[in-house]
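Per my numbering, numbering of the sequence shown is gapless, rising by one per residue and ending at 386.
Below is one structure, written out as structure tokens, with a few remarks after it.
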Amino acid sequence: MKIPVNEPVIAPESKKAVMEALETGWVSSAGPCITRFEQEFADFVGMKHGVAVMNGTAALHLALVSLRIGPGDEVIVPDFTMIATITAVMYTGATPVFVDSDPEIFAMDPALVAKAVTPRTKAIIPVHIYGHSADMDPILETAAKHKLAVVEDAAEVHGATYKGRQCGSMGTMNCFSFYANKLITTGEGGMVVTNDDALAQRAKCLRDLAHSPEKRFVHTDLGFNYRMTNLQAALGVGQMPHIAEYIVKKQWMGRRYQEELSMVQGLRLPITKDYATNVYWMYAVLVEDTFGMSKDTLRKKLAEGGVDTRDFFYPCHSQPFLSGNPQAKSSFPVTEDIAQRGFYLPSGLALTEEQLTFVCNTVRKIALQA
Ligand SMILES: *Cc1c(COP(=O)(O)O)cnc(C)c1O
């Protein structure tokens with residue numbers, strides 16, 4: 017058996033909507049699915065506006081530009097995240113200021129966020145990692161105290177909650193991704209959600225090359241072509257009726273892994289805080305010394321046994337292209353530690369009970385040899 021780390025599920029409604037888009041010729045960024053997808057997804061998050069774009073990275077960049085973040089500004093980001101969080105800040109000319117993680121939930125440590133604020137700080141980007149919310153209240157407090165924008169990177173947490181609030185509904189402008197391995201997918205795709213009418217308007221304008229609202233082809237600003245196509249939106253619209261069931265499936269997966277693996281010595285399974293509901297974007301585990309084998313050896317043996325896995329993100333500050341960053345040589349002990357010991361198990365929506373059992377049996381067999 018060969019079990020991929022992720023396999024998407026394409027709903028029959030998506031196939032139908034894509035065919036309809038093809039048959040009616042609405043293949044670019046005009047067409048009925050885009051506004052429908054924006055509204056349905058914004059409603060799902062509990063936000064007023066959705067601005068659909070071509071991917072999650074573009075969503076982050078668009079949110080920051082809409083908030084007028086640029087050269088000379090600092091943006092506080094976690095060191096432990098997918099690199100797009102950092103590149104989006106750098107595209108604006110602003111400086112990313114890294115903070116270390118909470119060792120239990122891997123998201124940015126709120127106490128370190130408070131310490132990282134300087135007179136140049138303009139925004140904080142909390143990233144919810146692997147399906148679990150960041151600890152938002154203290155981060156929102158720091159932001160309110162210093163009048164900073166908060167841009168949630170909610171690319172991995174569609175449907176997760178924090179103290180009953182939806183992830184992606186707590187910041188000023190928040191960003192989602194619809195890449196193939198995210199909870200719902202448009203192939204490539206992303207969305208900015210916000211409650212602010214003026215910011216939504218500005219984001220829509222900048223997404224579409226900043227055509228003047230009075231006169232098309234007169235450009236009032238430096239805009240971008242970040243539009244989502246109707247074909248992508250058709251894929252997304254077809255999955256919206258299933259999103260609740262997808263979340264249930266992910267939570268089933270999290271529960272089953274927990275039941276099957278909690279007895280394995282030296283594997284630290286995901287921790288879900290009382291304040292959070294976890295959607296297990298990826299089932300992420302840490303290999304402790306007591307496991308008796310390194311993570312790399314365990315992953316190699318799993319691969320030989322037919323189980324595909326992935327390493328955690330590598331610490332952003334140590335990425336080669338950031339070697340000139342002032343913080344490249346600083347130490348972020350939690351991030352460095354979890355990056356070294358962490359990996360994730362097959363977690364896709366298509367994962368079956370039979371496959372999950374096979375994965376767990378393979379892990380247990382290897383653990384016995386350790
Ligand atoms: C997936 C992801 C993104 C970027 O999304 P793309 O659609 O691949 O550009 C950004 N941040 C995080 C945390 C992600 O996991």
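The C-beta atom is built at its ideal place from N, Cα and C for all residues, glycine as well.
Fair warning: this is a prediction, and the values are worked out from it, not measured in the lab.
Distance, residue j Cα to residue i Cα
i	j	result
T108	V81	7 Å
A150	E39	43 Å
K131	T158	9 Å
Y273	L372	7 Å
D95	F348	8 Å
P154	T134	17 Å
E90	T101	13 Å
V21	N241	32 Å
V43	F53	15 Å
G203	W297	17 Å
T188	H144	15 Å
A319	E56	39 Å
G408	T306	Here the chain covers residues 17 to 386 and nothing more, so residue 408 does not appear.
V301	A46	43 Å
E276	V379	10 Å
A110	A74	16 Å
M98	N341	17 Å
W268	L384	26 Å
K345	S339	8 Å
M152	V295	17 Å
K220	T368	40 Å
R136	K161	14 Å
R181	A216	21 Å
I26	G88	44 Å
D224	Y178	33 Å
G321	F374	10 Å
D353	P336	19 Å
K418	N377	No answer is possible for residue 418: it lies beyond the span of the chain, which begins at 17 and ends at 386.
V173	P142	12 Å
Proximity test, Cβ basis, 7 Å: residue i and chain D
i	result
G41	This model lacks chain D altogether, as it is built from one protein chain only.
For residue i: DSSP bridge partner residues
i	result
Q182	T177
S193	G206
A139	V91 and A165
T111	E90
D327	F359
S117	M124
G66	V209
I145	H148
H227	H235
Y299	L361
T293	T177
Pair within 7 Å by beta-carbon distance, residue i and residue j
i	j	result
A79	V166	no
D169	T351	no
V61	V209	yes
V303	I19	no
A250	A58	no
A171	G147	no
A68	I85	no
P24	A226	no
C183	L76	no
K64	N246	no
G206	S185	no
A139	L164	yes
F122	Q343	no
S363	Y299	yes
K265	L365	yes
A260	G308	no
I382	E120	no
Heavy atom of ligand 3 within 6 Å of residue i beta-carbon
i	result
A300	Questions concerning ligand 3 fall outside what the structure shown contains, since the ligands it does hold are ligand 1.
Check: Can at least three beta-carbon pairs, one atom from the segment 123 to 132 and one from the segment 289 to 301, be found at a separation below 8 Å?
Finding: No, they do not touch.
Margin query: Is it the case that the segment 23 to 39 contacts the segment 219 to 235, given that we only count it when at least three CB pairs across the two stretches are under 8 Å?
Written below: With a cut-off of 8 Å on Cβ pairs, the segment 219 to 235 is not in contact with the segment 23 to 39, counting fewer than three such pairs.
Note to self: Pairs of beta-carbons, one from the segment 321 to 328 and one from the segment 347 to 364, closer than 8 Å: are there three or more?
What the structure shows: Yes, since at least three Cβ pairs between the segment 321 to 328 and the segment 347 to 364 fall closer than 8 Å, the two stretches touch.
Check: Three or more C-beta pairs closer than 8 Å, one from the segment 331 to 347 and one from the segment 304 to 312: is that the case here?
Finding: Short answer: they don't touch.
Check: Below 8 Å, can you find three or more Cβ-Cβ pairs linking the segment 248 to 260 to the segment 276 to 288?
Finding: No, the segment 248 to 260 does not touch the segment 276 to 288.
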